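Accompanying notes for the structure given below.
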Amino acid sequence: MDNIASALMLGHSSASNFESKAKQLILAAEANVARIESQIRDLLRLRDRERGVIASLKQVISPIRKLPAELLVEIFSIVAGVGTTEPEWLLRRSTSPALRKVLVISQVCAHWRQLACTTPQLWNFPVKLSLKKARSDSFLATTKTFLERSAPHPIPILLVDQPSAASPVVDLLFELTPRWKSLVFQNAQISGLRELPMDALKSLVSVYIKDRTDIPMHSPVKVFLGAPCLRTVSVTVRAFTGRIHLPWSQLTRLDITVSCLESAQSFLDILVQCTNIVTADFSGLIPWSQPPISAPVVQLARLESLSLIYPYAEEDGHITPFIACLDLPSLTTLEIRSGIETSWSSEDFTSFQSRSTRIECLEIIGSMMTPEDIISLLTHSPNLVDLNLEHCFDGLGSVRAAMGFLRYSSAQNVHVVPSLQGVSIESRFGVNEDLEEMLEQMMFSRWWTDTQLATLAVPPPVARWQRLHIDCNHEWAGSEERGECSQHLVDKVAQLRAEGLGITLV
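Just so you know, UniProt numbering puts 210 at position 210 of the sequence shown, and the rest follows in order with no gaps.
This is the structure in structure tokens:
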């Protein structure tokens, strides 16, 4: 080869036998190239095989391979977040985050896949189905696979939209009703539940229903009466009373919202049956046109949070009778929202406060409260921490009463609401100089900087402000009041904010 190359360089290519020799050398060189490439392929295969051996040996001796399967499954569960997602939260998402994470875990290696596919709790995530889209055979097969892998664990079910025709997915789910742990109907008709036997929902713990259709009174849904584990119910429907029957005495959380307003008395009749209730929210109540005849006081010993929303602003409607017959010794949070013309009874509310002395958070929006009503409310709130009074004043005098009564003075023998830290006051009556002065006194009387507190020999008998929100800037202000606060008050608020108080002035 070297001789031929030299000959080429020296111009000996004119030799008669050179061409034939060159062709022979080309064939020999090509054969060498083919042999070398074959050797390279063999070496690459050998290299890859050795790499596989190395990887397998490293996998065998890796720390995670030494973990027991039970511990590895627990790690998978934590990573995937199985069981940590509330079904209602998934209404805002297209798929379950847990599902995506479990699928990723199952694709890491054959061992992890086998472990994941045979561990039911890893597949125990909410099953969200849009009934309008759940049509294809592949979708049905996939859903069936997930349900089989999670067996026998209870499963959260979310049904969204109404099916345009008979849905095999719905049929599949209804075959598994004993495994339903939570049930969410989002704009999906619940009429199919009437077909279930009374003992079909053995594992059901929570129900969330939002149904735009009317549930007929003559054909109510009763299957929930046979759900022994049911504790949480949230219902948003056009009308509720008599249409969905529930095991009231075992519920701990109840949230009912109706668009066709119903009488407050019907909801009160429901609440007094909920002897184990902890949280109750009612929206869509109609106030009493006349105060009802006094009813026996009923104690709900576990109720901690109560919300009453009267969107119907009936003039002179009565709202306090709802709580007049309730004894709620554990109540810490109370919210009452109504129209600005509804009536307020201090007698009813004070009687209620005497039986519910642990209230820490109180929000009252709407109603007509006199200065005497405001003073009575604050006087009987010894443990109040947060107070929100919004458009519940019958005039500027009530606003003055609130601010004046919240002002702290060391000369006082008795200090009202000593634990109060946050206040929000919104009034539709504007401000004047007198009100601004009272507001300034209220703000500064319960405020001490960290430095000032450190220099006090004895801590103040009242808590210092943490949050203040004052809104008296209203377009309805009359001729004697202004719609805007003075620059002096604005500067004082800026001073408090600079010192660390969370305060807003509108």
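All C-beta atoms in this analysis are idealised placements derived from N, C-alpha and C, irrespective of residue type, glycine included.
From a predicted model like this one, the values you see are computed outputs, not experimental measurements.
ask   = Under the three-state reduction of DSSP, which class applies to ILE54: helix, strand or coil?
value = Three-state result, ILE54: helix.
Taking ILE270 as the reference, give the member of SER294, ILE293 and VAL233 with the closest Cα.
Ranking the options by Cα distance to ILE270, first place goes to VAL233.
Review point. Over what stretch of residues does the beta strand (DSSP E) that includes SER138 continue unbroken?
Key: No beta strand (DSSP E) holds SER138; the alpha helix (DSSP H) holding it covers 137-150.
key: Top-ranked residue by Cα proximity to SER427, from ARG231, LEU72 and SER398   = Taking SER427 as reference, the option from ARG231, LEU72 and SER398 with the minimal CA-CA separation is SER398.
For CYS109 and SER56, the rounded distance between their alpha carbons = In this model, SER56 and CYS109 are separated by some 12 Å (Cα to Cα).
Check: Which residue comes first and which comes last in the beta strand (DSSP E) that contains CYS361?
Finding: Taken as a continuous stretch (DSSP letters only), the beta strand (DSSP E) holding CYS361 covers 361-365.
Tell me whether SER294 is buried or exposed, calling it buried when 16 or more other Cβ atoms sit within 10 Å of its Cβ.
A residue is called buried when at least 16 other Cβ atoms come within 10 angstroms of its Cβ; SER294 does not meet this threshold and is exposed.
Collapsed DSSP secondary structure at ASN32 in the structure displayed
Looking at ASN32 - three-state DSSP - the assignment turns out to be helix.
>> Checking the sheet assignment: what are the DSSP bridge partners for TRP180?
In response: For TRP180, which the question treats as bridged, DSSP gives the partners ILE155.
Worksheet entry | Delimiting residues of the alpha helix (DSSP H) encompassing CYS117 | Note, CYS117: alpha helix (DSSP H), 110-117.
| Going by beta carbon distance, what residues of the same chain come within less than 7 Å of GLU372, once the five residues before and after it are set aside? | Taken in chain order, the residues that qualify are SER346.
Kindly indicate which three-state DSSP category GLY430 falls into: helix, strand or coil?
Correct three-state label for GLY430: coil.
Requested in this report: Let me know the secondary structure DSSP gives ARG446 once reduced to three states.
Outcome: Looking at ARG446 - three-state DSSP - the assignment turns out to be coil, as it is neither helix nor strand.
*Going by beta carbon distance, what residues of the same chain come within less than 6 Å of ASP255, once the five residues before and after it are set aside?*
Only SER234 and ASP281 meet the Cβ criterion.
- [ ] Give me whichever residues DSSP pairs with ASN388 in a beta bridge.
- [x] In DSSP, ASN388 forms a bridge with GLU363 and SER424.
What runs of the alpha helix (DSSP H), each 4 residues or longer, lie entirely inside the region 278-354? The qualifying runs are 321-324.
- Item | Three-state secondary structure assigned by DSSP to THR504 | DSSP places THR504 in strand when its eight states are reduced to three.
inquiry  = In the DSSP assignment, the beta strand (DSSP E) including ARG467 goes from what residue to what residue?
reply    = Its beta strand (DSSP E) spans residues 467-471.
Bridge partners of GLN186, per DSSP? Per DSSP, VAL160 and LYS210.
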